[in-house]
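*Asks:*
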Amino acid sequence: MTEFTNERPGSNRFKVAALQVVRETGDLFSSVAESTAGFVKEAGHEALEAGDVLVDIIAGVIGAVVSIGHDAVEAARGIALGVLRGKKAEPGSAFTTLAVSSRSVIRQVGRAGGDIAAATRGLVAGAAEGARELGMDVSEAVFAVSRGALQGAREFGYAAGEEVREAVAAMREIVRGREPGRSHFEEMEDTPMFFPGPMVE
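Going by my numbering, the first residue of the sequence shown is number 273, and it counts up by one from there.
Take a look at the structure:
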């Protein structure tokens, strides 16, 4: 992925800040997670609920990563982890924010011509890691990612949605072990392809 043509006016400050951290540390995953967590925490619940700030954060971070020639997979992983860390003080809305973030990641990656399936795998890995780190339900976190990623894939058609669903299914080992009963993720695997209802932009 070498070009990013979908920049939002409000995303530039997040892009510049994220780019600085990435260049200073040289560790893409950790720097993206750190930057995203800081942005989310600083924005606060009300601004994130309004939607635009969160979309700008995601667009800025993805734009920073793409501008220096990196693939968005590790960025997606870092974003998912960073979102959960940034919402640590507000766990009740963490998964909603994660779903909206995942939708934005898939849209940004898809519009830049990137690998949607790979980005989805990155989101799942980061969400699972963040949920475990913070004592949250891993299954719920992965379900939030799948819901958001599928919503984002709508823009690119049914085939893109199938790519997302298959990518989540390929990561099934990450969310095994929730007993008794079946996880939301396992239930999703057994259903026909679906597109969730609208979420606030």
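Glycine included, every Cβ here is placed at the ideal spot set by N, Cα and C.
Small disclaimer: the values here were computed from a predicted structure and weren't measured.
Round the Cβ separation of SER307 and VAL327 to the nearest angstrom and send it over; I've been treating them as touching at under 8 Å.
*Replies:* Their Cβ separation, rounded to whole angstroms, is 16 Å, which puts SER307 and VAL327 out of contact at 8 Å.
*Asks:* If we count the other Cβ atoms within 10 Å of its Cβ and call it buried at 16 or more, is ARG349 buried or exposed?
*Replies:* Buried is the call here.
*Asks:* Taking DSSP as the reference, what is the three-state secondary structure of ASP387?
*Replies:* ASP387 falls in the coil class under three-state DSSP.
*Asks:* Which class does ASP324 belong to by DSSP, given the choice of helix, strand or coil?
*Replies:* ASP324: helix per DSSP, three-state reduction.
*Asks:* Sorted by chain position, which residues of the same chain lie with C-beta nearer than 8 Å to GLU438's C-beta, five sequence neighbours on each side aside?
*Replies:* Counting only Cβ-Cβ distances below 8 Å, and skipping sequence neighbours, we find ALA389.
*Asks:* Grab me the residues of SER376's own chain with a C-beta within less than 6 Å of its C-beta, minus the 5 sequence neighbours each way, in chain order.
*Replies:* Closer than 6 Å at Cβ, skipping near neighbours: VAL327 and ILE330.
*Asks:* Looking at the structure shown, is GLY358 part of a helix, part of a strand, or coil, going by DSSP?
*Replies:* Helix.
*Asks:* Tell me where the alpha helix (DSSP H) around PHE301 begins and ends.
*Replies:* 300 to 315 is the extent of the alpha helix (DSSP H) around PHE301.
*Asks:* By Cβ distance below 6 Å, which residues in the same chain neighbour LEU353 in space, the five residues on each side in sequence not counted?
*Replies:* If we look at LEU353 and ignore the five residues flanking it on each side, its Cβ neighbours are ALA305, GLY398, GLU401 and GLY402.
*Asks:* Using a Cβ-Cβ cutoff of less than 8 Å, which residues in the same chain neighbour LEU300 once the five nearest sequence positions on both sides are dropped?
*Replies:* So the qualifying residues of the chain are VAL294, VAL337, HIS342, GLU346, ALA347 and GLY350.
*Asks:* To the nearest whole angstrom, what separates the beta carbons of LYS365 and VAL417, a pair I think is in contact under 8 Å?
*Replies:* Checking the sequence shown, residue 365 turns out to be Ser, not Lys. Actually they do not touch by this definition, with Cβ atoms about 15 Å apart.
*Asks:* Please classify ILE340: does DSSP put it in a helix, a strand, or coil?
*Replies:* Three-state DSSP puts ILE340 in coil, outside helix and strand.
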